[in-house]
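Taken in order, these protein sequences are the chains called G and S. Take the first sequence: its letter number 193 is residue 195 in the working numbering, and every next letter is one higher. Take the second sequence: its letter number 638 is residue 743 in the working numbering, and every next letter is one higher. Every residue gets a Cβ at the ideal spot worked out from N, C-alpha and C, and that includes glycine. Keep in mind that this is a model prediction, so the values were computed, not measured. Remarks on the structure that follows.
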Amino acid sequence: MRFGVVIFPGSNCEQDAVHAIRHLGMQADFVWHGDTDLAGYDALVLPGGFSYGDYIRCGAVARFSPVMAEVMRFAERGGPVIGICNGFQILAEAHLLPGALLRNRGLKFICTTVDLRAEESACEWLDLAPGTVLRVPINHNEGNYICDAETLERLQGNGQIVLRYCEPDGSRAAGGSAPNGALDDIAGICNERGNVFGLMPHPERVVDPVSGGTDGQHFFTAIAQRLAEVS
Amino acid sequence: MNTPETLSPEIAPKLAVELGLKLDEYEKVVEILGRVPSVTELYMYSLMWSEHCSYKHSRKALRMFPTQGDHVLQGPGENAGVISVGDGWAVAFKMESHNHPSAIEPYQGAATGVGGIIRDIFTMGARPIASLDSLRFGTLDKPRQRYLFEGAVAGIGGYGNCLGVPTVGGEVYFEEAYEGNCLINAMAIGLMRAENLTRAVAAGVGNHVLLIGSTTGRDGIGGASTLASQEFDEKAEDKRPSVQVGDPFEEKLLIEACLELLDGKLLVALGDLGAAGLTSSASEMASRGGVGLDIDVTQVPQREDAMKPFEIMVSESQERMLAIVTPTNLDAAQSVCDTWGLRSTVIGEVTDTGRFVVREGDAVVADMPAATLAHDAPIYDPASERPAYLDEVQAFDPVASLDHPEGREALSATLLRLLASPNICSRRWIWEQYDHQVMLNTVVLPGSDAAVLRIGDTGRGEMTTRGIAVSTDCNGRYCYLDPYAGAQIAFVEAARNVACSGGRPAAITDCLNFGNPEKPDVFWTFHESVRGLADACTAFGVPVISGNVSFYNESFGQPIYPTPTVGLVGLLDHIEDHCTLAFKSAGDVILMLGRTRPELGGSEYLKVVHGMVSGRPPKVDLVDERLLGELLVTAIRTGIVSSAHDCAEGGLAVALAECCVAGDVGARIDLGDGLPGVVALFSESQGRAIVTVDADHVSAFKTLAAAHGTACTRIGTVGGDGLVIGDEADVSLDDMRAAYAPTLERLVHGEA
Numbered sequence: 003m004r005f006g007v008v009i010f011p012g013s014n015c016e017q018d019a020v021h022a023i024r025h026l027g028m029q030a031d032f033v034w035h036g037d038t039d040l041a042g043y044d045a046l047v048l049p050g051g052f053s054y055g056d057y058i059r060c061g062a063v064a065r066f067s068p069v070m071a072e073v074m075r076f077a078e079r080g081g082p083v084i085g086i087c088n089g090f091q092i093l094a095e096a097h098l099l100p101g102a103l104l105r106n107r108g109l110k111f112i113c114t115t116v117d118l119r120a121e122e123s124a125c126e127w128l129d130l131a132p133g134t135v136l137r138v139p140i141n142h143n144e145g146n147y148i149c150d151a152e153t154l155e156r157l158q159g160n161g162q163i164v165l166r167y168c169e170p171d172g173s174r175a176a177g178g179s180a181p182n183g184a185l186d187d188i189a190g191i192c193n194e195r196g197n198v199f200g201l202m203p204h205p206e207r208v209v210d211p212v213s214g215g216t217d218g219q220h221f222f223t224a225i226a227q228r229l230a231e232v233s
Numbered sequence: 106m107n108t109p110e111t112l113s114p115e116i117a118p119k120l121a122v123e124l125g126l127k128l129d130e131y132e133k134v135v136e137i138l139g140r141v142p143s144v145t146e147l148y149m150y151s152l153m154w155s156e157h158c159s160y161k162h163s164r165k166a167l168r169m170f171p172t173q174g175d176h177v178l179q180g181p182g183e184n185a186g187v188i189s190v191g192d193g194w195a196v197a198f199k200m201e202s203h204n205h206p207s208a209i210e211p212y213q214g215a216a217t218g219v220g221g222i223i224r225d226i227f228t229m230g231a232r233p234i235a236s237l238d239s240l241r242f243g244t245l246d247k248p249r250q251r252y253l254f255e256g257a258v259a260g261i262g263g264y265g266n267c268l269g270v271p272t273v274g275g276e277v278y279f280e281e282a283y284e285g286n287c288l289i290n291a292m293a294i295g296l297m298r299a300e301n302l303t304r305a306v307a308a309g310v311g312n313h314v315l316l317i318g319s320t321t322g323r324d325g326i327g328g329a330s331t332l333a334s335q336e337f338d339e340k341a342e343d344k345r346p347s348v349q350v351g352d353p354f355e356e357k358l359l360i361e362a363c364l365e366l367l368d369g370k371l372l373v374a375l376g377d378l379g380a381a382g383l384t385s386s387a388s389e390m391a392s393r394g395g396v397g398l399d400i401d402v403t404q405v406p407q408r409e410d411a412m413k414p415f416e417i418m419v420s421e422s423q424e425r426m427l428a429i430v431t432p433t434n435l436d437a438a439q440s441v442c443d444t445w446g447l448r449s450t451v452i453g454e455v456t457d458t459g460r461f462v463v464r465e466g467d468a469v470v471a472d473m474p475a476a477t478l479a480h481d482a483p484i485y486d487p488a489s490e491r492p493a494y495l496d497e498v499q500a501f502d503p504v505a506s507l508d509h510p511e512g513r514e515a516l517s518a519t520l521l522r523l524l525a526s527p528n529i530c531s532r533r534w535i536w537e538q539y540d541h542q543v544m545l546n547t548v549v550l551p552g553s554d555a556a557v558l559r560i561g562d563t564g565r566g567e568m569t570t571r572g573i574a575v576s577t578d579c580n581g582r583y584c585y586l587d588p589y590a591g592a593q594i595a596f597v598e599a600a601r602n603v604a605c606s607g608g609r610p611a612a613i614t615d616c617l618n619f620g621n622p623e624k625p626d627v628f629w630t631f632h633e634s635v636r637g638l639a640d641a642c643t644a645f646g647v648p649v650i651s652g653n654v655s656f657y658n659e660s661f662g663q664p665i666y667p668t669p670t671v672g673l674v675g676l677l678d679h680i681e682d683h684c685t686l687a688f689k690s691a692g693d694v695i696l697m698l699g700r701t702r703p704e705l706g707g708s709e710y711l712k713v714v715h716g717m718v719s720g721r722p723p724k725v726d727l728v729d730e731r732l733l734g735e736l737l738v739t740a741i742r743t744g745i746v747s748s749a750h751d752c753a754e755g756g757l758a759v760a761l762a763e764c765c766v767a768g769d770v771g772a773r774i775d776l777g778d779g780l781p782g783v784v785a786l787f788s789e790s791q792g793r794a795i796v797t798v799d800a801d802h803v804s805a806f807k808t809l810a811a812a813h814g815t816a817c818t819r820i821g822t823v824g825g826d827g828l829v830i831g832d833e834a835d836v837s838l839d840d841m842r843a844a845y846a847p848t849l850e851r852l853v854h855g856e857a
């Protein structure tokens with residue numbers, strides 16, 4: 003099982019992602035954004051950070067990096083792709099996932115640990131019982147998920163909403179539980195097929211109890227297990 | 106010299122004075138050159154001999170600081186100091202002010218403050234792993250102060266978050282004294298293998314001078330002399346063009362490229378372009394190496410048309426680095442820069458003349474001994490006089506002279522007022538805007554006494570079990586009332602914060618913020634502060650390894666409080682041996698270390714309740730403080746301490762409340778010390794801390810405390826849903842939270 007972690011200029015969570023995966027006993031290597039050879043990778047990670055300084059719009063420039071055409075082919079072939087934070091924004095800009103991420107409702111950057119509820123979804127990256135609550139950090143300025151009503155209906159109907167912000171007991175507050183104002187409390191979505199997954203929270207930050215917790219482990223181990231079963 | 110550069114002997118001194126040089130300083134330039142200086146030369150000397158670059162008023166006093174220690178790999182004089190932390194690892198750190206730009210344009214001022222200090226760190230060959238920010242503003246009832254505060258916090262976050270360097274701590278105070286001059290002191294810490302320590306020393310005749318990073322524009326021209334070395338008046342807004350604009354994306358690329366260049370041993374030397382731009386960076390590198398440099402300004406990539414040589418030489422455009430490269434390594438070095446999408450341009454070469462020669466094409470526009478720029482600035486012995494106000498404020502006895510609240514109801518209400526005070530309340534609104542977790546090494550998050558970081562490099566996949574604890578501290582009010590004692594309190598509080606987190610104090614950096622040093626009473630407060638800090642460092646055996654002086658923090662003739670900010674780094678041999686302030690479990694026994702004295706001078710209580718800043722600050726006993734620190738670290742290491750928190754602003758009652766709120770549990774306290782309620786609760790006596798231990802470990806802890814000669818009193822038990830202090834106070838957790846949590850956000854939104 004080998005993860006490829008893409009480095010765009012301005013990525014800053016790529017080392018954390020590689021470290022987290024290796025900490026869990028799996029292999030991970032960096033993929034430079036200018037590279038176009040993804041042979042040998044079983045799963046791809048688009049990490050957090052500020053690709054191209056987030057200038058113009060988050061992810062708007064990175065989606066044109068040479069590697070992205072290959073990432074799209076990889077996804078089309080059913081290869082698992084996860085976009086974390088800025089990676090999610092890039093996946094949305096590349097139309098691998100629907101919708102967009104606007105500035106947080108309060109117009110402030112937010113770094114804090116939130117409660118997330120696993121939903122019943124088609125996502126290959128998670129194998130948690132629906133309703134499971136996880137504590138995972140968020141760290142972003144543009145995490146306010148939005149899409150049109152039709153898309154939202156489709157996401158709901160297809161089981162494409164993977165994670166929702168929630169209260170500690172798993173419930174959702176009447177006025178919304180998303181600290182960033184995200185539509186329908188959406189924290190993470192996948193494509194219809196379930197192989198492409200984007201989320202604003204940072205699971206790679208919580209794989210080691212010394213630095214925060216272990217709730218992020220599922221995200222990397224689940225996909226590894228699934229791939230092992232398939233092969 | 107070509108014509109536009111030539112100055113007549115009549116015009117030259119006038120320009121010199123306009124640029125901030127004094128007439129006798131101008132005469133010294135003429136003497137060094139043996140002729141009238143050119144325009145470019147005059148600009149270069151005026152910048153390098155400005156207070157900001159030359160430390161001409163402070164240099165003598167700074168010699169009082171101890172700077173040596175077994176673990177010191179690099180002391181003051183380089184871009185940052187470096188200490189060894191064990192197993193071949195070293196940390197570089199430094200703190201620097203960006204006060205004046207931030208007072209004019211807070212977002213960019215604070216952002217480029219962070220950018221500048223981070224460059225100082227990776228210049229040394231270290232990967233930046235954390236930053237902290239010590240901030241001072243006027244009170245938030247003024248819209249301008251809210252604008253400055255909100256803008257500075259956003260700027261720090263905007264820059265640091267983009268770089269992927271966690272902002273793990275800092276402090277903020279709001280006092281009228283900072284209304285005209287906010288303080289933005291940014292501290293950065295970097296991690297490296299000790300053998301990778303790189304110094305900015307030019308060498309090797311014929312080697313290339315390579316400029317890496319951004320293009321050069323007119324931004325920030327004269328920043329160090331027109332902003333940082335003068336007082337503000339009503340024309341301050343006109344100086345906005347002197348504030349630089351930051352590009353954190355470019356800096357992120359610079360970090361990666363420079364660390365790759367240093368890792369590949371492709372550079373002879375590396376320096377960053379900060380205050381006074383190319384002039385400062387190049388002349389300091391040349392003078393450290395005892396060589397000369399020959400630079401052609403037409404080779405410098407420019408972002409504006411028709412820039413004059415002097416503009417190119419003193420521009421403070423951000424995100425630029427200067428490297429010395431051998432001809433053999435030039436291609437390889439430039440190819441690394443290309444990979445990261447960075448411009449790199451050869452702009453000159455190293456010579457054996459010892460002279461700094463600046464050309465515009467074929468024409469020489471400046472030619473001077475390089476060392477004279479960096480080292481020959483006059484050193485002053487400023488007049489010093491004890492300020493008159495000290496007698497009056499120190500004669501005031503707040504305990505005896507005022508009516509104090511008495512009884513449970515009044516004291517409880519006072520405690521809640523203190524918890525809601527902007528100087529004490531929760532800082533969450535600030536640190537939630539900072540990425541404080543990236544790099545996966547933040548073991549104790551913001552909100553405890555000190556930030557604790559694991560020593561580890563996720564990039565190299567090398568994690569260790571070691572750690573560092575870091576804190577920045579300074580209570581300007583104490584320094585105003587007694588600069589010597591105030592500076593010592595800044596040190597001992599930082600040391601206590603680090604010790605309460607499990608760290609042994611190892612070294613400090615400082616940022617000394619004062620008014621106009623040419624005023625004898627201001628200079629006296631500076632000199633006393635330095636003396637106090639130096640004595641504290643000596644008593645603890647903790648060296649000063651880097652620092653910065655910021656003078657001229659005055660508006661309309663009013664100086665700020667003397668503010669010698671201390672940034673202290675402590676070491677943990679085992680990262681598991683750290684501690685936080687939160688009460689952990691009901692039933693734990695609460696012990697107070699140290700003794701409470703009737704000390705309300707300069708206290709938060711005195712300000713909040715009586716609207717006064719007066720009296721004498723608390724006494725400092727350096728021996729007791731050192732023993733207290735050793736006790737805390739030793740006890741935490743034995744594993745019997747569940748929580749530890751130092752007593753500071755707001756006194757014992759506030760400290761207890763903070764432990765309760767953080768742990769979401771109450772406490773029942775019985776002090777029985779016979780002190781008046783207001784003293785027992787709110788006195789800010791130094792040398793105190795609160796620890797909790799399991800009931801079974803009380804006697805073990807007491808034995809340890811006795812061995813360290815530290816007073817240790819059992820004062821209560823953790824539990825319940827409120828803080829009850831004898832007959833003196835009874836406040837619920839909900840009320841404490843309601844007072845403590847929302848203050849900053851409310852004030853920023855203009856709510857009373």
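Chain S contact for residue i (CB, 8 Å cutoff)
{"i": "Phe111 (chain G)", "result": "yes"}
{"i": "Val33 (chain G)", "result": "no"}
{"i": "Lys171 (chain G)", "result": "Reading off the sequence, residue 171 (chain G) comes out as Asp, not Lys. So, not an interface residue."}
{"i": "Asp150 (chain G)", "result": "no"}
Minimum Cβ-Cβ distance from residue i to chain G less than 8 Å
{"i": "Trp445 (chain S)", "result": "yes"}
{"i": "Tyr845 (chain S)", "result": "no"}
Which of helix, strand or coil DSSP assigns to residue i
{"i": "Asp238 (chain S)", "result": "strand"}
{"i": "Ser176 (chain S)", "result": "Reading off the sequence shown, one finds His at residue 176 (chain S), where the question assumed Ser. If DSSP states are grouped into helix, strand and coil, His176 (chain S) belongs with coil."}
{"i": "Gly591 (chain S)", "result": "helix"}
{"i": "Ala442 (chain S)", "result": "Contrary to the premise, residue 442 (chain S) reads as Cys rather than Ala in this sequence. Of the three classes helix, strand and coil, the one that applies to Cys442 (chain S) here is helix, per DSSP."}
{"i": "Ser790 (chain S)", "result": "coil"}
{"i": "Met297 (chain S)", "result": "strand"}
Own chain residues within Cβ distance below 6 Å of residue i, not counting five before or after
{"i": "Thr217 (chain S)", "result": "Gln349, Gly351, Gln423"}
{"i": "Arg582 (chain S)", "result": "Gly707, Val718"}
{"i": "Arg224 (chain S)", "result": "Asp377"}
Beta-carbon gap between residue i and residue j smaller than 8 Å
{"i": "Leu316 (chain S)", "j": "Arg425 (chain S)", "result": "yes"}
{"i": "Leu545 (chain S)", "j": "Arg137 (chain G)", "result": "no"}
{"i": "Val177 (chain S)", "j": "Ile294 (chain S)", "result": "no"}
{"i": "Ser655 (chain S)", "j": "Asn204 (chain S)", "result": "yes"}
{"i": "Thr815 (chain S)", "j": "Leu696 (chain S)", "result": "no"}
{"i": "Cys202 (chain G)", "j": "Cys87 (chain G)", "result": "It is Met, not Cys, that sits at residue 202 (chain G) in the sequence shown. A contact, by the Cβ cut-off of 8 Å."}
{"i": "Pro118 (chain S)", "j": "Tyr131 (chain S)", "result": "yes"}
{"i": "Pro181 (chain S)", "j": "Ile560 (chain S)", "result": "no"}
Cβ shell of residue i (< 7 Å), same chain only, five flanking positions each side left out
{"i": "Gly183 (chain G)", "result": "Asn106, Arg107, Asn146"}
{"i": "Thr403 (chain S)", "result": "Glu465, Gly466"}
Buried/exposed call for residue i, threshold 16 Cβ in 10 Å
{"i": "Gln158 (chain G)", "result": "exposed"}
{"i": "Ala64 (chain G)", "result": "buried"}
{"i": "His142 (chain G)", "result": "buried"}
{"i": "Asp751 (chain S)", "result": "buried"}
{"i": "Pro483 (chain S)", "result": "exposed"}
{"i": "Lys624 (chain S)", "result": "buried"}
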